[in-house]
Structure formats: structure tokens, C-alpha cells
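Enquirer:
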Amino acid sequence: DRSKVFTESSVINVDGEVYRPDRVIVDGKKVIVVDYKFGKEEKKYLRQIGNYARLYKSMGYPDVEAYLWYVENDKVVRG
105 DRSKVFTESS
115 VINVDGEVYR
125 PDRVIVDGKK
135 VIVVDYKFGK
145 EEKKYLRQIG
155 NYARLYKSMG
165 YPDVEAYLWY
175 VENDKVVRG
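Quick note: the sequence shown uses my numbering, first residue 105, plus one each step.
1. Do E146 and Y174 have their beta-carbon atoms positioned less than 8 Å apart in this structure?
2. Considering only residues of the region 107-149, which uninterrupted beta strand (DSSP E) runs meet the minimum length of 3 residues and lie entirely inside it, listed in chain order?
3. Taking all protein chains shown into account, do 16 or more other C-beta atoms lie within 10 angstroms of the C-beta of D167, making it buried, or fewer, making it exposed?
4. Drop a sphere of 10 angstroms on the beta-carbon of V128, count the other beta-carbons inside from all chains shown, and report buried for 16 or more, exposed for fewer.
Structure representation (C-alpha cells):
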């Protein structure tokens with residue numbers, strides 16, 4: 105079974121709110137969400153990827169990881 109990679113695909117929660125993570129990798133029951141950021145680190149970005157992770161867990165994926173990649177300084181932060 106191969107992993108599937110989704111780039112900027114819209115996901116809608118039960119309240120009709122639209123989320124669009126930069127990259128989502130689905131491998132069976134595991135999901136990895138990556139959001140790219142250009143500029144300084146901000147707490148609101150951690151909240152954002154936390155929302156993405158909760159959304160995928162609510163969709164039935166038991167193993168969800170979320171990361172921010174600050175591209176300009178090549179730093180990865182796990183959410």
C-alpha cells in the first residue's frame with residue numbers, strides 16, 4: 105500500500121469551516137500534516153496545525169502528526 109500525498113487540498117469540518125493545509129501525507133491510518141511558513145515563528149501557527157491534527161483525528165485517523173516548517177531558516181517544529 106502506497107502513501108498518498110495531498111497538496112493544498114480543502115478539508116471541511118462538521119461546522120462547514122474550510123481548512124487547507126499545505127501538505128498532507130496519508131499512509132494507511134497514519135496522517136502527517138505539514139504547513140510551510142515564511143517569516144518568524146508565531147504561536148498562532150501552532151494553533152493552526154493543532155486544528156489540522158484534531159480535524160484528521162475526528163475523521164477517524166488514530167495516528168496524526170503535525171509539523172510547521174519555517175522554510176527561510178530550515179527549522180521544523182512539531183505541533
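Glycine included, each C-beta is placed from N, C-alpha and C at the ideal position.
Expert: Let's see:
1. no
2. 108-111, 127-131 and 134-141
3. exposed
4. Label assigned to V128: buried.
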